[in-house]
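Residue numbers (the numbering used here): 11 to 363. Single-structure report; data block below.
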Ligand code: TXA
Ligand code: MG
């Protein structure tokens, strides 16, 4: 446990930024925990080969020990030392999406990684993040980096260094502050279920359409199909995530019905509770009656909603909101990941109107 958390604010537009990462890389080599930006969300990194370093992640986050961590690499050569042989489908995915927001679950090589990384599973999730600071930090640390999202367990994932600081100040050695992350939702996690089947364990930045385009020969099983038929294969799927402190309800239906329902709820609760609405920009004016409204951006640009969702959920907490109603998007593109996180944040409290 650390007393003070160092902040390395780094601007990659300025020359010499690589040198500014040396202290952070050294801390990782010494078995400390360091948060860093990726293109999805901030990660909390530690040397994946060291059990004490990895245990430090679980302690800082308050994370259940049966929830395995993703291992981050900066080049393809690192992979061979970490996993058993992988097939053509995995190769195809790596070629197309790495570096990028895709985590691939592969059979782990015995005895290389700390067993705490995999939580005792025979597989490990690997990803090569598409962020210059993350890639350079992993390069300099010169070891595979285990990194879950850098939030306290159960809080929304951090999309700004400030979010990491809110959750983990004084618990970790430092934070590499590279500004806002890009996608704003965590990577897509996939498992190669057979030579011709890709199972999506968690929807994310790489969409189902992206996967289909990359591997037209493969069958793609999605998370919603999985949920109905099988027990969770990805341990993280069974935990409630991203919950804001207030009670969040997702409202689905025709636009006019959704607005009418939310306004009716506001009329019922606003006198006695702090109420808020999470809505698309096109509908913001319909909620002028609400005291707290946060826009997710245009309903025709769900990337914007994905990038702003977690900050919005944190913002509701800061405002002491006790009840939140959220509009819903469709499931196309990044919409699948957006709705997945929103459903989880709401504890699957969904109203159809
Ligand atoms: O975008 C991301 O993936 C971010 C950034 C920091 O890279 N990381 C992230 O890590 O979201 P985390 O720990 O918050 O989520 C990892 C997810 C969990 O749901 C976990 O259960 C699943 O990946 N996972 C990890 N290893 C697995 C394995 N061997 N088999 C199945 N699921 C696995
Ligand atoms: Mg997480």
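Backbone N, C-alpha and C define an ideal beta-carbon position, used for all residues, glycine too.
Verify the contact flag: residue 218, CB atom, against every heavy atom of the ligand TXA, threshold strictly below 7 angstroms.
As a position in the chain shown, residue 218 is number 208, starting the count at 1. Residue 218: no, Cβ never under 7 angstroms from the ligand TXA.
Excluding five sequence neighbours on each side, which residues of the same chain lie with their C-beta closer than 8 angstroms to the C-beta of residue 331?
Residue numbering aside, residue 331 sits at position 321 when the chain shown is read from its first letter. So the qualifying residues of the chain are 254, 255, 256, 284, 285, 286 and 302.
Cβ distance (whole Å) where residue 47 is taken to contact residue 191 below 8 angstroms
Mapped onto the chain shown, residue 47 falls at position 37. Mapped onto the chain shown, residue 191 falls at position 181. Right, their Cβ atoms sit about 5 angstroms apart.
Classify residue 336 as helix, strand or coil using the three-state DSSP reduction.
Sequence index remark: in the chain shown, residue 336 carries index 326 (1-based). In this structure, residue 336 counts as strand in the three-state DSSP scheme.
Using a threshold of 8 angstroms, state whether the C-beta atoms of residue 126 and residue 65 are closer than that.
Counting from one through the chain shown, the residue named residue 126 turns up at place 116. Counting from one through the chain shown, the residue named residue 65 turns up at place 55. Yes, they are a contact pair.
Just to check, is the beta-carbon of residue 139 closer than 7 angstroms to a non-hydrogen atom of the ligand MG?
As a first step, residue 139 must be located in the chain shown, where it is residue number 129. Outside the cutoff, so no.
Would you mind sorting residue 135 into buried or exposed? The rule is 16 or more other CB atoms within 10 Å of its CB.
One-based indexing of the chain shown puts residue 135 at position 125. It counts as buried.
Rounded to the nearest angstrom, what separates residue 128 and residue 58 at their Cα positions?
Within the chain shown, residue 128 is the residue found at index 118, counting from 1. Within the chain shown, residue 58 is the residue found at index 48, counting from 1. Approximately 10 angstroms, taken between the alpha carbons.
For a minimum of 3 consecutive residues, which ranges assigned as the beta strand (DSSP E) are wholly contained in the segment 167-240?
184-187, 198-204, 207-212 and 229-231
Where in the segment 261-296 do unbroken runs of the alpha helix (DSSP H), each at least 4 residues long, occur, reported from the N-terminal end onward?
265-279
Alpha carbon of residue 100 to alpha carbon of residue 269, nearest angstrom
Walking along the chain shown from the start, residue 100 turns up at place 90. Walking along the chain shown from the start, residue 269 turns up at place 259. Those two C-alpha atoms are separated by around 44 angstroms.
If you draw a straight line from the alpha carbon of residue 209 to that of residue 281, how long is it in whole angstroms?
As a position in the chain shown, residue 209 is number 199, starting the count at 1. As a position in the chain shown, residue 281 is number 271, starting the count at 1. One C-alpha to the other measures close to 47 angstroms.
Report the partner residues of residue 305 according to the DSSP bridge assignment.
In the chain shown, residue 305 corresponds to position 295, counting from 1. According to DSSP, which records beta bridges pairwise, residue 305 is partnered with 289.
Residue 117 lies in the beta strand (DSSP E); which residues open and close that run?
For the purposes of this step, residue 117 is taken as the residue at position 107 of the chain shown. Counting along the chain, the beta strand (DSSP E) containing residue 117 begins and ends at 112-117.
For the ligand MG, is there a heavy atom less than 7 angstroms away from the beta-carbon of residue 196?
Start at 1 with the first residue of the chain shown, and residue 196 comes out as number 186. True, at least one ligand heavy atom lies under 7 angstroms from that Cβ.
How about residue 180 and residue 15: do their beta carbons lie closer than 8 angstroms?
As a first step, residue 180 must be located in the chain shown, where it is residue number 170. As a first step, residue 15 must be located in the chain shown, where it is residue number 5. Against a cut-off of 8 angstroms, the Cβ pair of residue 15 and residue 180 comes out as a contact.
C-beta atoms of residue 195 and residue 347 nearer than 8 angstroms
For the purposes of this step, residue 195 is taken as residue 185 along the chain shown, with counting starting at 1. For the purposes of this step, residue 347 is taken as residue 337 along the chain shown, with counting starting at 1. In contact: residue 195 and residue 347 (Cβ atoms closer than 8 angstroms).
Taking all protein chains shown into account, decide if residue 212 is buried (16 or more other Cβ within 10 angstroms of its Cβ) or exposed.
Taking the first residue of the chain shown as position 1, residue 212 is located at position 202. Buried: at least 16 other Cβ atoms inside 10 Å.
Does the Cβ of residue 359 have 16 or more other Cβ atoms within 10 Å, making it buried, or fewer, making it exposed?
On the chain shown, position 349 is the one that residue 359 refers to. Residue 359 comes out exposed.
For residue 166 versus residue 52, is the C-beta spacing smaller than 8 angstroms?
Counting from 1 along the chain shown, the entry for residue 166 is found at position 156. Counting from 1 along the chain shown, the entry for residue 52 is found at position 42. Contact flag unset, no.
When the Cα atoms are used, what is the spatial distance from residue 223 to residue 102?
By one-based count along the chain shown, residue 223 stands at place 213. By one-based count along the chain shown, residue 102 stands at place 92. Approximately 11 angstroms between the Cα atoms of the pair.
Determine whether the beta carbon atoms of residue 122 and residue 133 lie at a separation below 8 angstroms.
One-based indexing of the chain shown puts residue 122 at position 112. One-based indexing of the chain shown puts residue 133 at position 123. Result no, Cβ atoms of residue 122 and residue 133 do not sit closer than 8 angstroms.
Can you list, in chain order, the residues of its chain with a C-beta nearer than 7 angstroms to that of residue 60? Leave out the 5 residues immediately preceding and following it.
Along the chain shown, read from residue 1 onward, the residue named residue 60 stands at position 50. Answer for residue 60: 41 and 124, listed in chain order.
Does at least one heavy atom of the ligand MG sit under 7 angstroms from the Cβ of residue 75?
In the chain shown, counting from the first residue as 1, residue 75 sits at position 65. Not so, every heavy atom of the ligand MG lies at least 7 angstroms from the Cβ.
Taking the C-alpha atoms as reference points, what is the distance between residue 94 and residue 78?
To locate residue 94, count along the chain shown from 1; it is residue 84. To locate residue 78, count along the chain shown from 1; it is residue 68. Approximately 18 angstroms between the Cα atoms of the pair.
How many Å lie between residue 357 and residue 351 at the Cα?
In the chain shown, residue 357 corresponds to position 347, counting from 1. In the chain shown, residue 351 corresponds to position 341, counting from 1. Distance between the alpha carbons of residue 357 and residue 351: 10 angstroms.
Heavy atom of the ligand TXA within 7 angstroms of residue 80 beta-carbon:
Against the chain shown, residue 80 aligns to sequence position 70. Yes; taking the cut-off as 7 angstroms, the Cβ of residue 80 has a heavy atom of the ligand TXA nearer than that.
If contacts are defined as beta-carbon pairs under 8 angstroms, then residue 215 and residue 50 qualify, I think. What distance do you get, rounded to the angstrom?
By one-based count along the chain shown, residue 215 stands at place 205. By one-based count along the chain shown, residue 50 stands at place 40. Contact flag correct, Cβ pair sits at about 6 angstroms.
Counted within 10 angstroms of its Cβ, other Cβ atoms place residue 229 as buried (16 or more) or exposed:
Here residue 229 refers to the residue found at position 219 when the chain shown is read from its first residue. Label assigned to residue 229: exposed.
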